[in-house]
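Quick note, the numbering used here runs 4 ahead of the 1-based positions in the sequence shown.
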Amino acid sequence: MSAKKKKAPAQDSDPVGYGRPPVHSRFRKGQSGNPTGKRRHREAERAQALIWKEAYRSLTLREGDKLTRMPALQAVVRSQIASAVKGNVAAQRAVVKLLQDTEAEVRARGTAGTANKKLNKDGNDITDEELMHILKAAQNDKS
5 MSAKKKKAPA
15 QDSDPVGYGR
25 PPVHSRFRKG
35 QSGNPTGKRR
45 HREAERAQAL
55 IWKEAYRSLT
65 LREGDKLTRM
75 PALQAVVRSQ
85 IASAVKGNVA
95 AQRAVVKLLQ
105 DTEAEVRARG
115 TAGTANKKLN
125 KDGNDITDEE
135 LMHILKAAQN
145 DKS
């Protein structure tokens, strides 16, 4: 076997490599690693920020011949209501629950934050009788 001669590395005063960053980018002695004091955001906070950003992202929708710009959340609510109007019972219950929750929240704010029982009600807790009663009342209001 032939013996290869290894070249001697250049004699630097501060070698740079794995675990040895350049001197200008190393932490300074006596200086905090977090000088601004901002806390790190947790994964849940980052996910929540992403959800809010996407929910209020502006979309361009075509309605007949005209284009309309609206937030994604508004487009979803509009689609849900259109589905409810077409007769989708699950969509009807979801829309009724959304309206009840919104009205209960408005009432709770108006009465200095008193809790309302309907605010915590599940969407599937609306019985068919209640749904039919609400729909009949809405039809009577139109007449």
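Even glycine gets a Cβ: it sits at the ideal position worked out from N, Cα and C.
Apart from the five residues on each side of it in sequence, which residues of its chain come closer than 7 Å, Cβ to Cβ, to residue i?
i      : result
ASN120 : Note that ASN120 scores a pLDDT of 47, beneath 50, so its modelled location is shaky; the value from the coordinates is reported in the next line. Closer than 7 Å at Cβ, skipping near neighbours: ALA108, ARG111, ALA112.
ILE130 : ARG97, VAL100, LYS101
ALA95  : GLN84, SER87, ALA88
ASP18  : VAL27
Between which two residues does the alpha helix (DSSP H) carrying residue i extend?
i      : result
THR72  : Careful: THR72 lies outside any alpha helix (DSSP H), inside the beta strand (DSSP E) at 70-75.
THR106 : 93-114
GLN52  : 47-59
Of all the options the options, which has the alpha carbon lying nearest to the alpha carbon of residue i?
i      : options                     : result
LEU135 : THR115, GLY91, LEU77        : GLY91
THR72  : VAL80, SER62, GLN35         : SER62
VAL80  : LYS70, THR64, PHE31, ASP69  : THR64
ALA59  : ARG50, GLN78, HIS45         : GLN78
GLU67  : ALA53, ARG82, THR106        : ARG82
LEU103 : SER36, VAL20, LEU54, ILE138 : ILE138
VAL93  : LEU54, PRO39, GLU133, GLN52 : GLU133
Starting from residue i and walking both ways along the beta strand (DSSP E), at which residues does that stretch end?
i     : result
ARG66 : 62-67
Near residue i, what residues of its chain come up, given a Cβ to Cβ distance below 6 Å and the 5 sequence neighbours on each side ignored?
i     : result
GLY23 : none
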